[in-house]
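Take the sequence shown: its position 135, counting from 1, is numbered 147 in our numbering, and each next residue is one higher. Don't be surprised by glycine CBs; every beta carbon is placed ideally from N, CA and C. Bear in mind that the values here come from a model prediction, so they are computed numbers and not experimental data. Read through the structure below, which is laid out as structure tokens, and then see the notes.
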Amino acid sequence: MTMDRPQTLFEGFFRRIKEEPGDVLGVDVVQKDGQLFPVAYDGRMASARVGQLMDQIRVDPGMVVGLTGPPGMTWILAAMAILGRGATVMAIDHLMPPAEMGFHLKNFEADRMVVISQAVSSLTGVWGGEVVSVSTESPLSSGEGDAAINALGKRCVQGKTDDVAFLLMTSGTTGNAKGVPLTHKNILSDVFSFEKLHVYRKGDKVLGMLPLHHAYPAMGLFHLPILLGAVPVFVPDNHPKTIAWCLSNQNIALFPGVPAIWEGFHQKLMEGVRQKGTIKEFVAKKILAPMVRNLSRTGFPSIGKMAFPAVHARFGQSLRALSSGGAPLDRAIIEDFMGFGLMLLEGYGLTETSPVVSFNIPEAFRIGSVGRPLDGVSVRISEAGEVQVKGENVATSYWLDRYRRESLVDQDGWFSTGDRGDLSDGYLTLTGRLKELLVLPNGKKIQPEAIESRWISDPLVSEIAVTLRKGVPWLLVRPDIESFQRSGRTNIVPIVTDMFNLMQQSLPSHSRLGGFSIVRDPLPRTRLMKLKRYLLPEIVEELESEKQNEGKEPLPKDVDPIEQKTFTILNEVLTIKRPVRMEDHLEIDLGLDSLGRLELVSALEEGFGARIPEDALLNNLLTVKDLMVAVSLWANGLKVAEKKTLEGHYWETPLTEKELAEVPHRPLSPDGQSLSSGLKAFHLFLRGTSSIFFRANLPRFEKTDKGWIYETFNGEKAIWPDGPFVIVANHGSYLDGFLISAALPDEILSRTVLLGFSPIFDHPRIHPLKDPFGVISIDPDKASSALRVSYRMLEEGKGILVFPEGDRSHDGKIKMFRPGTAHLLGAFPCPVIPVGIIGSFEAYPRNKRFPVPRKITLRFGFPVSPEDLSRESTSRLNLELFSLVNNLLPENMQSEG
13 MTMDRPQTLF EGFFRRIKEE PGDVLGVDVV QKDGQLFPVA YDGRMASARV GQLMDQIRVD
73 PGMVVGLTGP PGMTWILAAM AILGRGATVM AIDHLMPPAE MGFHLKNFEA DRMVVISQAV
133 SSLTGVWGGE VVSVSTESPL SSGEGDAAIN ALGKRCVQGK TDDVAFLLMT SGTTGNAKGV
193 PLTHKNILSD VFSFEKLHVY RKGDKVLGML PLHHAYPAMG LFHLPILLGA VPVFVPDNHP
253 KTIAWCLSNQ NIALFPGVPA IWEGFHQKLM EGVRQKGTIK EFVAKKILAP MVRNLSRTGF
313 PSIGKMAFPA VHARFGQSLR ALSSGGAPLD RAIIEDFMGF GLMLLEGYGL TETSPVVSFN
373 IPEAFRIGSV GRPLDGVSVR ISEAGEVQVK GENVATSYWL DRYRRESLVD QDGWFSTGDR
433 GDLSDGYLTL TGRLKELLVL PNGKKIQPEA IESRWISDPL VSEIAVTLRK GVPWLLVRPD
493 IESFQRSGRT NIVPIVTDMF NLMQQSLPSH SRLGGFSIVR DPLPRTRLMK LKRYLLPEIV
553 EELESEKQNE GKEPLPKDVD PIEQKTFTIL NEVLTIKRPV RMEDHLEIDL GLDSLGRLEL
613 VSALEEGFGA RIPEDALLNN LLTVKDLMVA VSLWANGLKV AEKKTLEGHY WETPLTEKEL
673 AEVPHRPLSP DGQSLSSGLK AFHLFLRGTS SIFFRANLPR FEKTDKGWIY ETFNGEKAIW
733 PDGPFVIVAN HGSYLDGFLI SAALPDEILS RTVLLGFSPI FDHPRIHPLK DPFGVISIDP
793 DKASSALRVS YRMLEEGKGI LVFPEGDRSH DGKIKMFRPG TAHLLGAFPC PVIPVGIIGS
853 FEAYPRNKRF PVPRKITLRF GFPVSPEDLS RESTSRLNLE LFSLVNNLLP ENMQSEG
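Written as structure tokens, this is what we have:
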């Protein structure tokens, strides 16, 4: 195929089908009877189809013709039918609401609208122009051969290089979209510049799953392959099985995508690595991936296929490169793909630049940059740090309507992109969007993407975004509900809170966030998955106002008595200050984690006077409506049964094998009454270190005929309980468990077990310490198992040390207790020893890797007998436990709960 600079897109297309009529121009993968198979268009078929479309659309030179539909060869050939008659294609998103579509058609006074495969149900009432419906299954002339090509050549209109080929809408990330008129010259200049990179080769198959009404996919799946001899392969849907089939069966060489696609693939790849086990995960991440990444740069591109054959089998053996555009891609994702031996190349461009400005190529890529500017494209950085572009690929104006224009270049032809960047060593690196800068009340400006990049990547979170709320930086977080369900976790809010606090610690003081909101619906994005940031403040206000909103109807009026009773019990268990609504998510909106669900089961059993199978309520329920349905199904099939609450069936059933494995086996002295000699020595070391390093003020213990006597916070003496007991304390830092252990005598410590956070104590390096320290791991998503093990320990006469807040304090103040300890004491009443810990938060702040010398004081309260604790309800007992500890703390650490 010769390539001596055609003047228009149609001329380039026609040359290809004229010179190579038998070559495949493109492929549509279609689905029929559950099977996938390719439909290929060669030059003859394509020319016949374009001729048919010309007959259907009836275009005259100079017209503006709307075109909408799913990506595929019909879209490309319909565009060629319009361009071949000297008209302009106004490309419109086929998923755009009809009213919005009608607005654009009227605003730009489109002469006609072409709709592919009934992509729009109806434009009646929103636009009065002519609509031409085109089917992807229109019959093709199979016997015309070269005659169809010759006939098409006679029908085409010789256009000019400066004629507008495509009218594209800007992405609309900061407000209403404008029309960008791209001439044949604009687009062809990008094609010819890209040709020199040798990324697209003759015969390459290019996987197409992106919509063609955007400049980036139009270039990657339409202009470049059609004009450079490659073959786009369009999928019928974006289902993972469809993509996998195409990658495996269609010999795909190039795969253009957007960050959302690569983020999804990345999540699946990393999940697969984690499922291999700790050792294989370590080898893959720490040994193989760095080796592959380095060797791929130095002339061994096939090393990835040898190191990760399963990964490459998934993407197909013909795949040469993946590309990303449309929005910035996380550098860590690119590095991980490169570590698997998958060449993921990021480029940069805008609709106004046709669109490619710069691109990384396999022979000279730099992770973190968007590559070098294309040949013929000039790039500079202004004094304000803004990326500016000049070249034949740059459009000269915006269309505000059919006739009004707005210049988009300065008098010297430079287009200001609105992006901030750096051009060191010829590689362009983007640092954020000027238009998306958040301006604080004090005049300081922060880049939201710079803050978002600090978020620790986790499959449990789908999306995050930073915006402003009342002048303060604010984070929006969308959890991946399915990932939480798959992992058996229900405590969404605490997990997101921990992630948020970890992120806060890494931020400079001027960028600290004022808080976060959890959102259930996807954040607003363009079709190329760019965030519509201008809509985010409104979403935050709506979410935060809902927390205080008492005006909504909390419960439908037509509920039956069972639902009404369930609703009443639910409101009694919860502590939120607004009415509960049917659509509320049990965890995200109401904070009902695994322990909260356990409390709800207990309350419902008490209210209905019968046993509820725990699985009916502890698993798989998402919303209040789900809860109502589950309880109604259970209650309507319920026979009158003897009242049997948690004490009767939950606590007393035998421990499972996993629960038995959690029972600690601490080494003891030969008589079993104290610690082993080795642990005694360590306990002495721990006590001495606490006293010297932290100047720890520990209570004195004395062995008497009456038992162990200890000194309380006010200097009075108290007798330590002889049988089972529960120590409850506030939680300021990781030091707390060690400090209380150091304070207890060997004999008491030998029969005391500690409830610890499983993500810490189940770590391979920490796990061996569980038995010596007497630790029961608490899985925050399955806390009921730890409570059942604790119940057995109390039955055996042991004591439990627990921090009922659930995690460390974020500000040094005590937080309201989680209900688990109250559940345990409700099932097994025993004495409670409250302890207030002062100074540990300052000695080991959350943002420090190691503790620092600070004075720490432990205030032990008097033992509280079970007779003096409430038996009225779990929530009442929980409040009493909180008050016991809260009252031991100074005012600056106290909370109202």
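query, result
"The ligand GTP and V864: does the residue's C-beta get closer than 7 Å to at least one heavy atom of that ligand?", "As presented, the structure is devoid of all ligands, the ligand GTP included, so that no description of it is given."
"What does the alpha-carbon distance come out to for the pair K651 and A322?", "Per-residue confidence for K651 stands at a pLDDT of 37, beneath the threshold of 50, marking its modelled position as unreliable; the derived number appears in the next sentence. Spanning the two alpha carbons is a distance of roughly 54 Å."
"Which partner residues of S529 appear in the DSSP bridge assignment?", "L488"
"Cα separation between F785 and P733?", "21 Å"
"Are I910 and K718 touching if we call contact CB-CB under 8 Å?", "This structure cannot speak to residue 910, because the chain is shown only from 13 to 909."
"Quick check on T290: buried or exposed, where buried means 16 or more other Cβ atoms within 10 Å of its Cβ?", "exposed"
"Are the CB atoms of E404 and K197 within a distance shorter than 8 Å?", "yes"
"Check whether the Cβ atoms of L747 and L813 sit closer than 8 Å, and answer yes or no.", "no"
"I'd like the ranges of any alpha helix (DSSP H) spanning at least 4 consecutive residues and lying wholly in the segment 214 to 244.", "227 to 230 and 236 to 240"
"Go through the segment 299 to 371 residue by residue and report every complete run of the beta strand (DSSP E) that reaches 3 residues or more, in order.", "333 to 336, 356 to 361 and 368 to 371"
"Is the segment 331 to 339 in contact with the segment 257 to 266, if contact means three or more CB pairs nearer than 8 Å?", "yes"
"Mind checking who L479 pairs with in its DSSP beta bridge?", "According to the sequence provided, residue 479 is Thr. The question's Leu does not apply to it. W486."
"Whose C-beta lies closer than 7 Å to the C-beta of L487 among residues of the same chain, with five residues either side of it excluded?", "I476, V478, F512, L525 and F528"
"Suppose you measure from the CA of R445 to the CA of P460; what does that come to, to the nearest Å?", "9 Å"
"Determine which residues share a DSSP beta bridge with K729 and list them.", "E723"
"Helix, strand or coil: which one does DSSP assign to Q517?", "helix"
"CA-CA distance, G483 and V451?", "8 Å"
"Distance check for W257 and C168, CA to CA, integer angstroms please.", "38 Å"
"Which residues bound the alpha helix (DSSP H) around D202?", "H196 to E207"
"Along the chain, which unbroken stretches of the alpha helix (DSSP H) at least 4 residues long are found entirely within the segment 692 to 768?", "748 to 755 and 758 to 761"
"Give the straight-line distance between the Cα atoms of V144 and I128, rounded to the nearest whole angstrom.", "9 Å"
"How would you label A653, buried or exposed, when you count the other beta carbons within 10 angstroms and need 16 or more for buried?", "The predicted model places A653 with a pLDDT of 34, which falls under 50 and marks its position as unreliable; any figure quoted below should be read in that light. The residue is exposed, with fewer than 16 neighbouring Cβ atoms inside 10 Å."
"Could you compute how far the alpha carbon of H677 sits from the alpha carbon of D783?", "5 Å"
"Please state whether DSSP places P268 in a helix, a strand or coil.", "strand"
"From which residue to which residue does the beta strand (DSSP E) around F49 run?", "Q47 to D54"
"Let me check understanding here. Comparing Cα to Cα, which of N250, F579 and D638 lies closest to V41?", "N250"
"Compute the Euclidean distance between the alpha carbons of N924 and I238, then round it to the nearest angstrom.", "Because the chain here runs from 13 to 909, residue 924 falls outside it and cannot be looked at."
"So the candidates are V285, D348 and R871; which of them puts its Cα closest to the Cα of N306?", "D348"
"For V847 versus F872, is the C-beta spacing smaller than 8 Å?", "yes"
"If you draw a straight line from the C-alpha of L12 to the C-alpha of L222, how long is it?", "Absent from the structure is residue 12, since the part of the chain shown begins at 13 and ends at 909."
"Does the distance from the C-beta atom of H822 to that of T886 stay below 8 Å?", "no"
"Tell me, which residues are paired with Q459 by DSSP?", "Answer is none; Q459 lacks a bridge partner."
"Are the segment 31 to 39 and the segment 47 to 54 touching, with three or more C-beta to C-beta distances below 8 Å?", "yes"
"Who pairs with H597 in a beta bridge, going by DSSP?", "T635"
"Let me make sure I understand the geometry here. Which of D431, E550, S614 and D413 has the alpha-carbon closest to that of V401?", "D431"
"Just to check my reading of the structure: F737 and G811 have Cβ atoms closer than 8 Å, yes? What is that Cβ distance to the nearest angstrom?", "4 Å"
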